[in-house]
Structure formats: structure tokens, C-alpha cells
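Here the structure comes first, spelled out in C-alpha cells, and everything after it is commentary.
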Amino acid sequence: MTAEGTGAKWELPDDDAYAQMLHASDLWRGPCIRSMIRSLDLPASSCGLDAGCGIGRHTLWMVEAVGPAGHVTGVDLSPGFVERASRMAEQAGLSDSASFQQGDLNHLPFDDDSFDWLWSADTIYFGPSAEGYAAEDPLPLIRELSRVVKPGGSVYLIYCTAQNLLPGYPLLEARLNAASAAAEPFVRQNRPKLHCLRALEWLRDAGLESLSACAVADGVHAPLDDELKNALTGLLQWRWGADPVSKLSSQDAAEYQRLCSPDSPDFILNLPDYFTFFTCSIFSARVVG
-14 MTAEGTGAKW ELPDDDAYAQ MLHASDLWRG PCIRSMIRSL DLPASSCGLD AGCGIGRHTL
46 WMVEAVGPAG HVTGVDLSPG FVERASRMAE QAGLSDSASF QQGDLNHLPF DDDSFDWLWS
106 ADTIYFGPSA EGYAAEDPLP LIRELSRVVK PGGSVYLIYC TAQNLLPGYP LLEARLNAAS
166 AAAEPFVRQN RPKLHCLRAL EWLRDAGLES LSACAVADGV HAPLDDELKN ALTGLLQWRW
226 GADPVSKLSS QDAAEYQRLC SPDSPDFILN LPDYFTFFTC SIFSARVVG
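Below, the structure written as C-alpha cells:
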């Protein structure tokens, strides 16, 4: 799930740190993603591509969906992630049904019409370009993804589109969301078409058909075991960045630190009745043919 765009790559943490983040995200939203995969009713024995596979967990979940006669290929920009994913497949006894290779989504290392369907989760973003906040065109990348899918095959773009992490503090959470790095390009310059919630427009403009979109919701509540609490702690930091307080009022910054610091006696994840919910959205279309 390496973030890519049509211009410069977003700067990401090193492989180890980002792999840990991907593992943590699968802990809290794994049931939601697996439910989404089941809803696609992927054809048995089909061959699919997980574009931007990260450490490969989604790839293996899709292998389960297509059955032993099917095959899912994962591709990621990071050789380290490809190595991790291959090792995970081997440990799960799925090496015959899942394979991984390094590659750039802007120039996929596959022939035309190679796959029955394509899945890409939290991968295709159009953030700041090398020139600053100039608009980028989603169409070349969407067309490149579509190129490797057979006529009549499906393209699925998946995003985590909403979270409610601070129950009881809606104003603070709204201000944190507005101050996040993900929102900054849309604050500095109005480029609504580049937001992931406009993905249906990208797919339509790229010439795909039978467009659809839906959201799947799930939630997590206390009591939280240590692994899940650590994963949600990482989510708080990932969602709002390492230092969101510089963009907040002094009062909001103090409230953020009180609620979101694991060392605080008021750390929100320690609430005996803590609850968070989130949504994952899927945008799908078919390749004309």
C-alpha cells in the first residue's frame, strides 16, 4: 500500500516503520476489509492483481476468496514489502496461489489483459507534486491500471474514508481533521477532483463503465487488548501526524495532548467504554469490452 501519484511519490516512513503501520491498520480494520472482499464475490479460479500490495495481507485474503485454483499477484514499489509478503505467503502455505514482485504502478510490469480483476487499497492518491500543489491528472495512472485488466474485468479502488476516534469530542476531532496533512492540499488550493471520494469521476473519465460505489462500516470497542490498543494508538498518530498541535489553538492543543498521549491519565483509549467506528469505501468499474 505504498502511496503513489502521477508525479512525485509521497514521502513515507522507512520500510520497517511503514510495515508496522500497515500491520496495525489490518488489526483494527481487517474485519471490514474481509467483509468487503466477500461482497465482491470474486470469481472462483480467477486471477487478480493487488496493486500496491504493501506487506501482502489483503492479497492473501483475496487468495482465500478465489480458491485454490485461482491466483493473486501482489505488486509494490518497495522490494522490502515484496520480500515480507512473499515470506508471509510461504508461512501460510499459499505460495502456489499468491506471488509478489516489485514494480511501479505508473509502469506496471505486466502485459495487456493479464488479469481478471484489479484491487488497489489506500494506494492511489494525488497529493503534492514536485512543483508544490499543482494539480495532477489521475487519468494516466487509472488507464495504466486498466490496461492490465481483461475486457469486462473489474477495477476496485479502496479507501479508508472516515473515522470517529475521539467519542465525545466532535469539535476537536473536526479541527484535527482540518489541520491534517491529508487535508492540506485541499485547503491551500481548491482541487476537489483529486480527492479520493471523487474516484468514480476518475474511473469514468478513464473510459471505464458500470461505475458503482459503496461504503462498509465497522467498529471497535473496549475492552481493548494490548495489541489492538497499540494499533489504535498508532492510528491516532497516523491520522493527525506527529505534530498537529502547531496548527491548533493553545486550548485545542492541550486537549489533544490530554486525550491522545498514551502517558496521559486521560488517554482516551483507556476509557472503559471506548468505541470507535470507521468506514472503508470501494469504487468499482468495468473495463470496456
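Numbering (the working numbering), first residue to last: -14 to 274. Note that CB positions come from ideal geometry on N, CA and C, so glycine has one too. In this text the structure is predicted, and so the values were computed from the model without any measurement.
Check, Outcome
"What distance in whole Å lies between the Cβ atoms of Ser266 and Arg224, which are believed to be in contact at a cut-off of 8 Å?", "Not quite, the Cβ-Cβ distance comes to about 16 Å (not below 8 Å), so this is no contact."
"Residues in its own chain within less than 6 Å of Ser30 by CB, not counting five upstream and five downstream?", "Ala54, Gly55"
"Do the region 9 to 17 and the region 85 to 104 touch if we need at least three Cβ pairs shorter than 8 Å?", "no"
"Quick check on the burial criterion: 16 or more other C-beta atoms within 10 angstroms. Buried or exposed for Ala(-7)?", "At Ala(-7) the pLDDT is 29, less than 50, meaning the model places this residue with poor confidence and gives no usable figure here."
"Using the rule of at least 16 other Cβ atoms within 10 Å of the residue's Cβ for burial, across every protein chain shown, is Arg160 buried or exposed?", "buried"
"So, for Leu244: in the same chain, excluding its five sequence neighbours on each side, which residues have a beta-carbon less than 8 Å away from its beta-carbon?", "Leu151, Tyr154, Leu157, Asp251, Phe252, Ile253"
"Once you ignore the five residues that flank Ala200 on each side, which residues in its own chain have a CB closer than 6 Å to its CB?", "Thr264, Ser266"
"So within the region 133 to 171, which uninterrupted beta strand (DSSP E) runs reach at least 3 residues, ignoring any that extend past its ends?", "134 to 149"
"Bridge partners of Gly33, per DSSP?", "Val57, Trp102"
"Less than 8 Å between the CB atoms is what I'm expecting for Ser105 and Leu124, so what's the real figure, rounded?", "That belief does not hold up - the Cβ atoms of Ser105 and Leu124 are roughly 15 Å apart, past 8 Å."
"According to DSSP, is Ala83 part of a helix, a strand, or is it coil?", "strand"
"Considering Cα atoms alone, identify which of Asp61, Arg23, Glu49, Pro28 is closest to Gly39.", "Asp61"
"Residues bridged to His180 by DSSP?", "Partner(s): none; His180 has no beta bridge."
"From Trp187 to Ser139, what distance separates their C-alpha atoms?", "14 Å"
"To the nearest angstrom, report how far apart Val57 and Glu240 are at their CA atoms.", "45 Å"
"Could you spell out where the beta strand (DSSP E) holding Ser277 opens and where it closes?", "This structure cannot settle anything about residue 277, because the visible part of the chain is limited to -14 through 274."
"Looking only at its own chain, which residues have a Cβ that is under 7 Å from the Cβ of Asp(-1), when we skip the five neighbours before and after it?", "With a pLDDT of only 49 at Asp(-1), under 50, the local geometry of the prediction cannot be trusted, and the value read off the model is given with reservation. Closer than 7 Å at the Cβ level, and outside the excluded window around Asp(-1), lies no residue."
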